Structure formats: structure tokens, C-alpha cells
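*Asks:*
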Amino acid sequence: MAFDVDLFVIGGGSGGVRAARIAAEAGARVALAEESRMGGTCVIRGCVPKKLMVFASAFPDAMEDARAYGWGAEVGAFDWPAFRGKLHAELARLEGVYRANLTRAGVAIHDARASVADPHTVRLADGTEISAAHILVATGGRPFIPEPFAALRDQGHPVLVSDDIFDLEALPRSILILGGGYIGCEFASILHGLGVEVTQLVRGAQILRGFDEEARGHLADSLIARGIDLHCGTDLLALEPSEGGLRAKSTDGRERVVEAVLFATGRVPNSDGLGLAEQGVTIGRRGEVVVDDWSQTGVPSIYAIGDVTDRIALTPVAIREGHAFADTVFGAKPTRADHDLVASAVFTRPELGSVGLTEEEARARGPIEVYATSFRAMHQAFAGRSERVMMKLIVDADSRRVVGCHIIADGAGEMIQLAAIALKMGATKEDFDRTVAVHPTMAEELVTLRTPVRRG
Ligand code: NDP
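Residue numbers (my numbering): 3 to 458.
#1: Kindly indicate which residue of F168, R31, G300 and G14 has the alpha-carbon position closest to the one of H112.
#2: When you measure from the CB of Y184 to every non-hydrogen atom of the ligand NDP, does any distance come out below 7 Å?
#3: Take every Cβ of the region 401-420, pair it with every Cβ of the region 349-359, and state whether three or more of those distances are shorter than 8 Å.
#4: If you compare alpha carbons, which of S346, A119 and R365 is closest to G413?
#5: Under 8 Å, do A116 and R125 count as touching if we go by C-beta distance?
#6: How many whole angstroms separate the CB atoms of Q202 and R218, which I take to be in contact at a CB cut-off of 8 Å?
#7: Return the chain-ordered list of same chain residues with a C-beta closer than 6 Å to the C-beta of R322, the five sequence neighbours on each side being excluded.
#8: With burial defined as no fewer than 16 other Cβ atoms inside 10 Å of the residue's Cβ, what is the status of K88: buried or exposed?
#9: Answer with buried or exposed for T443, where buried requires no fewer than 16 other C-beta atoms within 10 angstroms of its C-beta.
#10: Check each candidate in V11, T317, I230 and I185 and name the one with the smallest Cα separation from R269.
#11: May I have the straight-line CA-CA distance separating Y100 from P454, to the nearest angstrom?
#12: Around the C-beta of Q281, are 16 or more other C-beta atoms found within 10 angstroms, so that it is buried, or is it exposed?
#13: I want to know whether the region 226-237 touches the region 280-299 - three or more CB-CB distances under 8 Å.
#14: Just verifying my parser: in three-state terms, what is the DSSP assignment at T430?
#15: Take I1 as the anchor and find which of I226, D329, R313 and G275 has the nearest alpha-carbon.
#16: Please determine whether the Cβ atom of D237 lies at a distance below 7 Å from any heavy atom of the ligand NDP.
#17: Exposed or buried, I423, counting other C-beta atoms within 10 Å across all chains shown (16 or more means buried)?
#18: Residue range of the alpha helix (DSSP H) that E363 falls in?
#19: Please tell me whether, using a cut-off of 7 Å, the distance from the CB of F349 to the nearest non-hydrogen atom of the ligand NDP is below it.
#20: Mark D128 as exposed unless 16 or more other C-beta atoms lie within 10 angstroms of its C-beta, in which case mark it buried.
In C-alpha cells:
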């Protein structure tokens, strides 16, 4: 049977765009539908604007440090509208680049919502139907506000999700952030750096569930020392409109009036309303599209990649999944996306970079050695700051392989990328040891850790 296209991609985020481009370059006839802006979460309302805000938020501290280094420097006031204008201009530029790359590759773009009408047909919002040999669902995810608080947002109260931050008319003077994951911690740091009074509530005993325990504790201490009013083991009980914003009652019995509340309580896959279950695609308990190692659903012509599959919700992972899909189906190069040893960074200040196993995970698998150090970085110590860097290597005692690396430092995101190469290559502790240090740097500590602090 002749189809209109070989591939129809639903979703123009990082993963969908990569898959569409690689498939088209392999000779496939490809169409892509995006209901919002090309580039998806990462480019439009995630990684990119977030990182630019991280940069913006660092200047007050940089000016303080400049004075410690002998400069006469004052940071002055932060002009949010001026920054926001530049930010959106940059996002529009990047959106244009994504669009141009797709067009150059020969992908037909439909600026419309699309759903699956049958295993080989996509229906656009205007009713147009396009038949496709393969359909790729790359619709990402969206922030989630727990009940009963979503209703307040619908009524127009300053109940925000991360998407909203980039469009604020004005920065609030105070904010309550709920959640201790990547987004809660990153926005706590960013907004604090921009001069907002930040209170962060985390229902669990510590921030950043899933990360190395020692790193979680170290980072939480640093965030508190920087001025974030962080309360772990504390949940939000009630929220009500109040003069000047919202009155928040928390489980520790406290009440606060804040100008805004940011729900950073996780994200859910965008799998609803796509007609997937109706076609026999399995949707999991969290709303995720269930796929196998090849990103194929139970309906052979329908694949899914990225956050909608809720595997590892990171842009570079979605890109790899999209690329692997296109190589497999259109490039005659069967490739499974590799989800092992994926490094990531939490862009707090200081940053947390992490790859491989936590100490707790590694210990559960067998005997380990833990090498760790905590020290004041040269740059910071000279500026009179007491913040401490943390570096930690987890070593499998039998194979000697370094199975985990955790770094808390300015620039940890950059460092962990390189450490991840070593871990991916299977480097042993002795490989780290015989690598000569780059001096004076923070990262040199990774190759000069001589004695285990713990064995287990
Ligand atoms: P996370 O799942 O990482 O964190 C959600 C937080 O909200 C947790 O502290 C969680 O607590 C808490 N929470 C969840 N539900 C409730 C509730 N009903 N009431 C109170 N607290 C609640 O989600 P994020 O939104 O921070 O990020 C989503 C994903 O996006 C990340 O996991 C990551 O994969 C990706 N991301 C990556 C970034 C990066 O690479 N730098 C940056 C931003 C996002 P508990 O732990 O107890 O469940």
C-alpha cells in the first residue's frame, strides 16, 4: 500500500526533530506536526531559557567576588523586562534554526495538533488525514500541579509552573517553591540569585531523590548557606488567596504569605488525547507510552521516544532515542538507544554533576571503595567564601572500575561530561590515578584521591 509519507512525527521537540531529520537524510519522506513552537520543552521552556537565567543569576555573586579581588564593582538593579526581551529573541532565533534545519532536510512541517486516527494515519486538527508507514510519537511532557492546587491557577492566582517563569511580567519579591527535584532546586537557585526571596518545601527527607545521599546533603547545605530557605520533610497543606499573593500553610505548622507559588512537583507524559490507547498502544500507570528497547510500541507501526515514554527525561536521551529510531527504521543500522551511564547536571549554584551509581546503589551490588574529598576552591577561598566543593568516586572493589562519580562545584556540569567518557570506557581507579593532574584546578582532585574514606 502506498502511504503519503514514510514517517510522520508528532512533536517538534529535540527528539522528534532529530528523528525527522535523520530519517529524511536517509531518504525517507517525512512530515512533522507541532502544535506549539518548534524546539519543544528544551528550547522554548526548559533547558535553554533556564540556562540563560542561570547565567543571569550569577552576576551578583560575581560582582561580590570582583570586589574581593580588588575591583570596584557594583551589580546594580536587575532589569527583568530587558533580560526577558533578549531571552525571547534568542528563543525565537533558535526556533527558526530548528525550523530551517527541518525544511533543509526536506521535512514537511504542519503547525497543528495531530493525533493518531489509525495505525497508519495521522489526523491534523483541521481534519486533514495523512497516511504514514510509520508514526513516531515525540510529544514530551508537561508540568504537573497536584490537587487541589491546580484550581487556584485556573482562577488566575499566582500559582506557577516552570513554563510560566520565562513569561512573567515582573519577578515576584517572594516565592514558595514546592518540590525538591531538578526543577525545584534549579529555580530556587536562579530566583534567589535574581534577588527573589525563596522558600523551598520538599516533602521528602532530602532534595533530589535518586542522587547520591552524601551529595544531596552537601548540596542542600550549600543552597541553605547561599540563602535559600529550604525545608525538607515539609509539604504544602493549604494555599489561599491573600492580600499581596497567596497564604501558604505547611505541614510544619507554619504560614507564609508569598507573592507567588511555583509547583515543581514533577512532569507527566503528554500521551492523552492522541488516540493511542484507542489504537491498542499500551499507556502505563504514569501516562507513559510503553515501548521496547527499540522505542517500538505494541502496535508495530507506532514508535515513541523522549519524555512521553518516561524513561530518562533528559533532552540528550530523547535525541539519542530519536536518532536510534531513525537509524534502525530508515538507515538500515539497527541501533538501540543506550540508557547506561547517562550523566546529568543539576544547574543549581553550585552545580551538581553526576554519572553512574550512587554510593547506596553500588553498595547494594557488591563490595565498593569510596573516595571522596571536600575542600574550599581556590577562587572561592580567596573571595572569602566558605562554600566547599565535593568530589566523590565510587569504585567497584572487585573489578576496580569507577562506577560512580559525583561532583558539587561551580562548573560541575562541564566536569561530569568528561568524567562520563572515562566511566563509559570502563576506566578503573588506577586509570584515574595514572592520569596526571591539571594544576591548579578543582577537577585535579579526581586524579589525586589516594585513600578510600569508606569501604563497604
Ligand atoms: P522531579 O520528579 O525530579 O521532582 C519532583 C519533586 O516534586 C520531587 O521532590 C517530588 O517529591 C515532589 N513532588 C511530586 N509530587 C508531589 C506532590 N504531590 N506534593 C509535593 N511534592 C511533590 O521533577 P522535576 O519537575 O523537578 O523535573 C522533571 C524531570 O525533568 C527531571 O526528573 C529531569 O529528568 C528533567 N529535568 C532535567 C534537568 C537537567 O538535566 N538539568 C532540568 C530540569 C528537568 P518526591 O521525591 O518525594 O517524589
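Don't be surprised by glycine CBs; every beta carbon is placed ideally from N, CA and C.
Because the structure is a prediction, the values reported are computed rather than measured.
*Replies:* So, from the listed chains and residues:
#1: Residue 112 sits at position 110 when you count from the first residue of the sequence shown. Checking every option, the nearest Cα to that of H112 belongs to G14.
#2: The residue you call residue 184 lines up with position 182 of the sequence shown. Checking every heavy atom of the ligand NDP against the Cβ of Y184, one is found closer than 7 Å.
#3: yes
#4: Translated into the one-based positions of the sequence shown, residue 413 becomes position 411. The residue with the shortest Cα to Cα distance from G413 is S346.
#5: In the sequence shown, residue 116 corresponds to position 114, counting from 1. In the sequence shown, residue 125 corresponds to position 123, counting from 1. Their beta carbons are under 8 Å apart, which means A116 touches R125 by this criterion.
#6: Position 200 of the sequence shown holds residue 202. Position 216 of the sequence shown holds residue 218. About 14 Å separates the beta carbons of Q202 and R218, which is beyond the 8 Å limit, so they are not a contact pair.
#7: If you number the sequence shown from 1, residue 322 lands on position 320. The answer, listed in chain order, is A339.
#8: Walking along the sequence shown from the start, residue 88 turns up at place 86. Answer is exposed; the Cβ neighbour count stays below 16.
#9: As a working note, residue 443 is residue 441 in the sequence shown. Answer is exposed; the Cβ neighbour count stays below 16.
#10: Walking along the sequence shown from the start, residue 269 turns up at place 267. Ranking V11, T317, I230 and I185 by Cα distance to R269 puts I185 first.
#11: The sequence position of residue 100 within the sequence shown is 98, counting from 1. The sequence position of residue 454 within the sequence shown is 452, counting from 1. In a straight line, the C-alpha of Y100 is about 47 Å away from that of P454.
#12: To locate residue 281, count along the sequence shown from 1; it is residue 279. With 16 or more Cβ atoms within 10 Å of its Cβ, Q281 is classed as buried.
#13: By the C-beta criterion, the region 226-237 is judged not to be in contact with the region 280-299, since fewer than 3 inter-stretch pairs fall below 8 Å.
#14: Taking the sequence shown and counting its residues from 1, the one referred to as residue 430 is at position 428. DSSP places T430 in strand when its eight states are reduced to three.
#15: The question about residue 1 has no answer here: the residues shown for the chain are numbered 3 through 458.
#16: Looking up residue 237 in the sequence shown gives position 235. Answer for D237: yes, Cβ within range of the ligand NDP.
#17: Translated into positions along the sequence shown, residue 423 becomes position 421. So I423 ends up on the exposed side.
#18: Taking the first residue of the sequence shown as position 1, residue 363 is located at position 361. E361 to R367 is the extent of the alpha helix (DSSP H) around E363.
#19: Taking the first residue of the sequence shown as position 1, residue 349 is located at position 347. Correct: F349 has its Cβ closer than 7 Å to the ligand NDP.
#20: Position 126 of the sequence shown holds residue 128. Under this definition D128 is an exposed residue.
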